[in-house]
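S.K.:
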């Protein structure tokens with residue numbers, strides 16, 4: 375059975391699409407009302423975010439810190455960063471920067487100043503999780519999917535009240551054979567309930583991608599293997615073929631979107647790369663051959679080592695063993711990927727209400743053999759390129775977003791300081 379007789383959904387964010395995500399964000403209206411510059415007027419589909427009139431960022435001067443530019447590795451002492459309307463207007467040595475009068479000053483004396491970090495794989499389901507992610511230094515993120523379009527609502531929250539959530543690339547729902555209760559995420563998915571084999575046919579795969587795109591997804595998330603974090607599942611079983619993955623990629627590309635793919639097995643990783651996915655997630659058993667293919671195809675690698683390492687010590691012996699087996703393999707793969715020139719990015723894979731600091735994944739990258747600077751780049755310049763924010767995110771330079779973190783020490787000497795930012799700035803507003 376297929377769903378080809380059902381027309382694709384309208385390519386716009388519908389009222390029910392908004393409500394599906396917003397329902398999971400109970401309390402967000404109150405948070406918006408309390409946010410700086412928030413309006414008491416109710417939001418509608420013709421709100422500022424939809425009309426292009428999102429709230430402007432803040433004006434701020436970050437004064438006296440030691441500024442690190444991840445792109446060049448340059449370190450500037452006694453630096454000043456000037457942010458106007460949420461955008462960096464100047465950054466550099468005090469003597470070379472004109473400081474505007476009447477602008478709020480954030481004292482950074484004794485602190486290191488870096489651009490806000492990027493978490494390239496995270497699951498944000500609530501406003502509280504979004505706020506926690508921001509407080510831990512990730513001012514930009516990419517969703518690894520949610521159950522009911524909560525990430526699209528989080529993205530809109532971040533546009534309306536930047537101090538409450540990171541800038542977000544939303545993935546919508548997972549393209550997976552068994553949607554489970556996610557079949558209820560939108561009425562346009564319900565025809566798939568008739569399919570005995572689940573979401574596997576060409577028509578069904580296209581349907582889930584099209585519904586995601588219609589609801590406003592920025593990218594598409596799929597899988598080629600089951601989850602490693604569920605003991606009853608075999609993370610090396612292949613659930614989609616290269617041909618099926620190619621259907622997902624082609625459907626997304628027609629709308630100008632890319633695909634991230636949850637993969638563990640070598641064959642699964644290789645099939646995903648050859649199908650044209652933009653990034654491989656996890657990739658514990660990825661081979662050198664596949665990494666070479668990734669370099670040739672421009673495919674990125676998000677190893678999510680914090681999440682994999684988090685299984686070590688689990689009361690379930692299956693998960694404990696997986697963590698102990700997979701983590702060393704991932705570290706070796708991350709190091710080799712870096713040496714081969716594969717785009718390597720940091721993602722925590724945080725989910726289930728627990729948010730890990732993106733600094734912990736940078737620390738994992740460093741422990742895998744990357745220099746401190748190269749490890750920082752996996753959550754700044756490299757990640758900005760992957761997410762399509764190059765020239766806007768990942769540096770504190772003129773024209774970039776006014777996102778910054780202040781640290782208690784030198785991250786080039788001790789990357790662990792990245793796990794606990796002293797202060798976070800999002801579009802010129804100190805959080």
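In the working numbering, the protein residues as written are 375 to 805. Glycine included, each C-beta is placed from N, C-alpha and C at the ideal position.
If we ignore side chains and look at the alpha-carbon of each, how far apart do residue 695 and residue 663 end up?
M.R.: Walking along the chain shown from the start, residue 695 turns up at place 321. Walking along the chain shown from the start, residue 663 turns up at place 289. Their Cα atoms are separated by approximately 26 Å.
S.K.: Would you mind sorting residue 632 into buried or exposed? The rule is 16 or more other CB atoms within 10 Å of its CB.
M.R.: Along the chain shown, read from residue 1 onward, the residue named residue 632 stands at position 258. With 16 or more other Cβ atoms within 10 Å, it is buried.
S.K.: Measure the CB-CB distance between residue 708 and residue 742 and report whether it falls below 7 Å.
M.R.: Here residue 708 is taken as the residue at index 334 of the chain shown, counted from 1. Here residue 742 is taken as the residue at index 368 of the chain shown, counted from 1. Residue 708 is a Cβ neighbour of residue 742, given a cutoff of 7 Å.
S.K.: Residue 643 bridges to which residues according to DSSP?
M.R.: The residue you call residue 643 lines up with position 269 of the chain shown. Answer is none; residue 643 lacks a bridge partner.
S.K.: Touching or not, the region 532-540 and the region 504-521, by the rule of three or more beta carbon pairs under 8 Å?
M.R.: yes
S.K.: Which residue wins for smallest C-alpha separation from residue 725, given the options 519, 738, 747?
M.R.: Within the chain shown, residue 725 is the residue found at index 351, counting from 1. It is 519.
S.K.: Taking C-alpha atoms, which residue in 717, 729, 790, 767 lies nearest to residue 737?
M.R.: As a working note, residue 737 is residue 363 in the chain shown. Among 717, 729, 790, 767, the Cα nearest to that of residue 737 belongs to 790.
S.K.: Can you tell me whether residue 639 is buried or exposed? The criterion is at least 16 other CB atoms within 10 Å of its CB, across all chains shown.
M.R.: Within the chain shown, the letter at position 265 stands for residue 639. Under this definition residue 639 is a buried residue.
S.K.: Do the CB positions of residue 556 and residue 521 come within less than 7 Å of each other?
M.R.: By 1-based counting over the chain shown, the position of residue 556 is 182. By 1-based counting over the chain shown, the position of residue 521 is 147. Yes, they are a contact pair.
S.K.: If you pair each beta-carbon of the region 681-696 with each one of the region 753-769, do three or more pairs fall below 8 Å?
M.R.: no
S.K.: Just to confirm my understanding: we take residue 683, look at its own chain, exclude 5 residues before and 5 after, and list those with CB closer than 8 Å. What are they?
M.R.: Taking the first residue of the chain shown as position 1, residue 683 is located at position 309. Excluding sequence neighbours, residue 683 sits near 697, 701, 738.
S.K.: Kindly confirm or deny that the region 742-756 and the region 574-585 touch, where touching means at least three C-beta pairs closer than 8 Å.
M.R.: no
S.K.: Determine, using beta carbons only, whether residue 778 and residue 770 come nearer to each other than 7 Å.
M.R.: By one-based count along the chain shown, residue 778 stands at place 404. By one-based count along the chain shown, residue 770 stands at place 396. Result yes, Cβ atoms of residue 778 and residue 770 sit closer than 7 Å.
S.K.: Do the region 709-725 and the region 671-681 make contact, defined as three or more Cβ pairs closer than 8 Å?
M.R.: yes
S.K.: Under three-state DSSP, which class holds residue 438?
M.R.: Counting from 1 along the chain shown, the entry for residue 438 is found at position 64. DSSP, reduced to helix, strand and coil, places residue 438 within a strand of the structure shown.
S.K.: Rounded to a whole number of angstroms, what is the C-alpha to C-alpha distance between residue 491 and residue 536?
M.R.: Taking the chain shown and counting its residues from 1, the one referred to as residue 491 is at position 117. Taking the chain shown and counting its residues from 1, the one referred to as residue 536 is at position 162. In a straight line, the C-alpha of residue 491 is about 15 Å away from that of residue 536.
S.K.: Buried or exposed: which applies to residue 597, given that a residue is buried once 16 or more other Cβ atoms fall within 10 Å of its Cβ?
M.R.: Taking the chain shown and counting its residues from 1, one reaches residue 597 at position 223. With 16 or more Cβ atoms within 10 Å of its Cβ, residue 597 is classed as buried.
S.K.: Give a yes or no on whether the C-beta atoms belonging to residue 573 and residue 774 are separated by under 7 Å.
M.R.: Here residue 573 is taken as the residue at index 199 of the chain shown, counted from 1. Here residue 774 is taken as the residue at index 400 of the chain shown, counted from 1. No; because the gap between Cβ atoms is not below 7 Å, this pair is not in contact.
S.K.: Measure the beta-carbon distance from residue 841 to residue 636 and round it to whole angstroms, keeping in mind my assumption that it falls under 8 Å.
M.R.: Past the boundaries of the shown model lies residue 841; the chain is included only from 375 to 805, so the question cannot be answered.
S.K.: Ordered along the chain, which non-local residues of its own chain (more than five positions away) have a Cβ less than 7 Å from that of residue 801?
M.R.: As a working note, residue 801 is residue 427 in the chain shown. Short of 7 Å from the beta carbon of residue 801, and not among the five residues preceding or following it, lie these beta carbons of its own chain, in chain order: 431, 432, 460, 536, 775, 776, 777.
S.K.: May I have the straight-line CA-CA distance separating residue 365 from residue 469, to the nearest angstrom?
M.R.: Not covered by the structure: residue 365. The range shown for the chain is 375 to 805.
S.K.: Whole alpha helix (DSSP H) runs in the region 444-516 with 4 or more residues, listed along the chain?
M.R.: 501-509
S.K.: With a Cβ-Cβ cutoff of 7 Å, do residue 554 and residue 523 count as a contact?
M.R.: Looking up residue 554 in the chain shown gives position 180. Looking up residue 523 in the chain shown gives position 149. Going by C-beta atoms, residue 554 is not nearer than 7 Å to residue 523.
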